[in-house]
Amino acid sequence: MGKGQWQKQLVKWRRHLHQYPELSFEEKQTTAYIIRQIKGLPGVLIQSGRDQIGLDTGVIATVGDGERPVIGLRADIDALPISEMTKAPYQSCHTGVMHACGHDGHTAMLIGAVYFLSSLYEANLLHGTVKCIFQPAEETEDQFGKTGAQYVLNSGALDEVEACFALHLDPDIPIGEVKLKAGVAMANVDTFTVTIKGTGGHGAYPEQSVDPIYLSSLILPYLYSLPSRQTSALEPSVLSVCQITGGVSSNVIPSEVTIRGTMRTYSEKARNHLSAELDKGLAQIEALGGSYRLHLHHGEPALINDPDMVSVLSNAIRLVEPNVAIHSIPYGLGGEDFSHITKQIPGAMMFLGAADQNNMKTSLHQPSFCFDERALEIGTHTLVKAALLLMKKGGIEGGT
Numbered sequence: 438m439g440k441g442q443w444q445k446q447l448v449k450w451r452r453h454l455h456q457y458p459e460l461s462f463e464e465k466q467t468t469a470y471i472i473r474q475i476k477g478l479p480g481v482l483i484q485s486g487r488d489q490i491g492l493d494t495g496v497i498a499t500v501g502d503g504e505r506p507v508i509g510l511r512a513d514i515d516a517l518p519i520s521e522m523t524k525a526p527y528q529s530c531h532t533g534v535m536h537a538c539g540h541d542g543h544t545a546m547l548i549g550a551v552y553f554l555s556s557l558y559e560a561n562l563l564h565g566t567v568k569c570i571f572q573p574a575e576e577t578e579d580q581f582g583k584t585g586a587q588y589v590l591n592s593g594a595l596d597e598v599e600a601c602f603a604l605h606l607d608p609d610i611p612i613g614e615v616k617l618k619a620g621v622a623m624a625n626v627d628t629f630t631v632t633i634k635g636t637g638g639h640g641a642y643p644e645q646s647v648d649p650i651y652l653s654s655l656i657l658p659y660l661y662s663l664p665s666r667q668t669s670a671l672e673p674s675v676l677s678v679c680q681i682t683g684g685v686s687s688n689v690i691p692s693e694v695t696i697r698g699t700m701r702t703y704s705e706k707a708r709n710h711l712s713a714e715l716d717k718g719l720a721q722i723e724a725l726g727g728s729y730r731l732h733l734h735h736g737e738p739a740l741i742n743d744p745d746m747v748s749v750l751s752n753a754i755r756l757v758e759p760n761v762a763i764h765s766i767p768y769g770l771g772g773e774d775f776s777h778i779t780k781q782i783p784g785a786m787m788f789l790g791a792a793d794q795n796n797m798k799t800s801l802h803q804p805s806f807c808f809d810e811r812a813l814e815i816g817t818h819t820l821v822k823a824a825l826l827l828m829k830k831g832g833i834e835g836g837t
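Residue 438 is where the sequence shown starts when you use my numbering, and the numbers rise one by one after that.
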């Protein structure tokens, strides 16, 4: 296929995936669609199912004969519980579910990479092996507190992988620009649930109860003060309260209130300090006659990009887009479960500029999310180039 034909095919894959999004751990039709697109390609071995990759959904397409180096390319395939408002002709057909984080684009780019790598294999030009990882459940943890990356890693399917690359579409910067930073690039993700208990009672006689809503109003300023007053300004951190529930009537003081939120940090020092201060500050609830229970869950770790793998990605994008502007800046305080992979395997993720020219106000996880589809071909070629560059160097042992 020529350049224009490849772009059309990538758009076709992306738009189909966009129309039929599926939530984390539920990506059955997405998985089947990916398999249909790549099944039968020369040199491609398809793995799927819980016994092979750790989950019922997701696909690993291995291109090559197992020759080293073995390099991973990863895309996430799940969508979000968001009602789409783009009014695109290919808008989501599933009410309340949307690809609002670009995973449809990530998946399309990796399908394209499988095709390119297969053609190289057929021409005896692939001097190594590439595992293309279509990973489910990046957005949400299951009841055991695990995301898709952890299950795939625990399955052993990536044990032979020596290095791994991933791309993420970025609607905040235009085509021709990328964010690529060595070291910490995205945040530790922790969630907390605080249950504040009082005694409840009649709304007309508050003196006869211990009011958990009142206690919550006192503790909220403390929670919001933790990043600014308990953490150094040189340590990026955020604490957000995202849900408060309690009470069922306008004249009944409830017996308990639940507060849920998230904490984001870059360093383990800041992560541990905020966790300790959160628990310590809640003790004032007891001094006021109430009680509390804190559940703090440590989610994905900070995304740490390996410097050598960043160098490979940098060289790859320059080969694809010679005039690319590379911004060596952190990607923000969002989380990314690719961090579980880079914790075990040298790897790097790059944010690929894809601002939609007709909707510059959109951003990730918004019902208006969209992106410039020209980024698809750039991303596909960059993934392939990164794998080939590392193969040329003989893998990570050969240096980069």
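Even glycine gets a Cβ: it sits at the ideal position worked out from N, Cα and C.
- Query: Three-state secondary structure (DSSP) at H639?
  - Reply: strand
With burial defined as no fewer than 16 other Cβ atoms inside 10 Å of the residue's Cβ, what is the status of I766: buried or exposed?
-> exposed
Is I483 helix, strand or coil by DSSP? strand
Using the rule of at least 16 other Cβ atoms within 10 Å of the residue's Cβ for burial, across every protein chain shown, is P608 buried or exposed? buried
Worksheet item: Does the region 705 to 721 touch the region 563 to 570, meaning 3 or more C-beta pairs lie closer than 8 Å?
Response: no
DSSP-derived helix/strand/coil call for D627: strand
Return yes when the Cβ of T630 is within less than 8 Å of the Cβ of E693, no when it is not. no
Q. Among residues of its own chain, excluding the 5 on either side of E464, which ones have a beta-carbon nearer than 6 Å to its beta-carbon?
A. T494, I514, D515 and P573
Legend entry - 8 Å Cβ cutoff met for L547 and L492: no
| So K392 is in the beta strand (DSSP E); what residue range does that whole segment cover? | With the chain running from 438 to 837 in the structure shown, residue 392 is simply not present.
_Integer Cβ distance of A537 from I519, believed to fall under 8 Å_ = 5 Å
**Message:** Contact defined as beta carbons within less than 8 Å: I believe Q667 pairs with H735. What is the distance between those atoms, to the nearest angstrom?
**Reply:** About 18 Å; that fails the 8 Å criterion.
Inset, instruction - Could you tell me the boundaries of the beta strand (DSSP E) in which D607 lies? - result: A600 to D607
Quiz item: Under a three-way DSSP split, which group does G784 fall into?
Solution: strand
Quiz prompt | Contact set for K822: own chain, Cβ-Cβ below 7 Å, skip 5 residues either direction | solution = A753, L756 and V757
**Request:** Could you check the C-alpha separation between A560 and P783 for me, to the nearest Å?
**Result:** 29 Å
By DSSP, does H764 sit in helix, in strand, or in coil?
strand
ask   = Roughly how far, in whole angstroms, is the beta-carbon of I612 from the beta-carbon of D809, given that I think they are within contact range, below 8 Å?
value = 5 Å
**Asked** Cβ of H453 within 7 Å of any heavy atom in the ligand GDP?
**Response** By its list of ligands, the structure shown contains no ligand whatsoever, and the ligand GDP lies outside what it can speak to.
Report task. For T522, name the three-state secondary structure that DSSP assigns. Result -> Checking the sequence, you will find Met at residue 522 rather than Thr. Residue state, collapsed to three classes: coil.
* Per DSSP, what kind of secondary structure is G835 in: helix, strand or coil? -> For G835, the predicted model reports a pLDDT of 41, less than 50, meaning its position is unreliable; a value from the coordinates is still stated below. Here G835 sits in helix by DSSP.
Nearest neighbour of P691, chosen from E714, P673 and G638 [CA to CA]: G638
**OP:** Could you have a look at D579 and say whether DSSP puts it in helix, strand or coil?
**Re:** coil
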